[in-house]
């Protein structure tokens with residue numbers, strides 16, 4: 026299940042949806058609004074999305090992850106709207122028979138979501154200015170040299 030949500034994410038409810046007696050591992054990722062980015066003090070984040078395309082592409086990403094890592098379950102929810110410091114912006118949860126597959130799949134889902142989804146992030150800075158930030162940047166060392174869009 027992939028979803029764009031305007032309301033706060035409930036990670037406990039999402040993790041319960043992943044419960045499966047066949048699973049030996051459940052790996053989750055939570056992305057939170059932090060107060061500093063590239064030396065600037067951040068007061069809030071604002072996310073906008075083209076929901077139909079984001080949900081379609083997000084569903085594809087989860088299907089790819091299920092096939093590639095032999096997952097039992099996969100969920101990703103991304104917030105939109107104005108988020109305050111400490112709010113959860115994105116949640117990913119995956120289950121698999123083995124922990125290695127679950128860890129790798131969770132990383133795959135968040136990296137692909139950041140690279141492929143039409144979701145835009147605006148940072149609101151302490152001085153009152155704002156800036157749109159590139160959400161497509163991936164965190165992996167192997168991906169650091171790849172051009173981003």
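In this note's numbering, the protein residues as written are 26 to 174. Cβ coordinates follow ideal geometry from the N, Cα and C atoms, glycine included.
Proximity of residue i and residue j at Cβ, strictly below 7 Å
| i | j | result |
| --- | --- | --- |
| residue 27 | residue 105 | no |
| residue 116 | residue 36 | yes |
| residue 79 | residue 90 | no |
| residue 149 | residue 69 | yes |
| residue 123 | residue 49 | yes |
| residue 82 | residue 41 | no |
| residue 51 | residue 43 | yes |
Other residues of its chain near residue i: CB distance less than 6 Å, five sequence neighbours each side excluded
| i | result |
| --- | --- |
| residue 147 | 71, 155, 157 |
| residue 47 | 97 |
| residue 76 | 29 |
| residue 55 | 113, 116 |
| residue 135 | 54, 117 |
Own chain residues within Cβ distance below 8 Å of residue i, not counting five before or after
| i | result |
| --- | --- |
| residue 94 | 119, 121, 126, 127, 129, 130, 133 |
| residue 45 | 97, 98, 120 |
| residue 60 | 66, 67, 68, 110 |
Buried versus exposed call for residue i [16 or more other C-beta atoms within 10 Å across all chains shown]
| i | result |
| --- | --- |
| residue 57 | exposed |
| residue 92 | exposed |
| residue 108 | buried |
| residue 114 | buried |
| residue 137 | buried |
Residue range of the unbroken beta strand (DSSP E) whose run includes residue i
| i | result |
| --- | --- |
| residue 31 | Residue 31 -> no beta strand (DSSP E), and no H or E assigned at all. |
| residue 154 | No beta strand (DSSP E) holds residue 154; DSSP gives it neither H nor E. |
Per DSSP, the bridge partner or partners of residue i
| i | result |
| --- | --- |
| residue 103 | 29, 115 |
| residue 73 | 145 |
| residue 121 | 50, 96 |
| residue 55 | 116 |
Same chain, Cβ closer than 7 Å to residue i, five either side skipped, listed in chain order
| i | result |
| --- | --- |
| residue 151 | 66, 68 |
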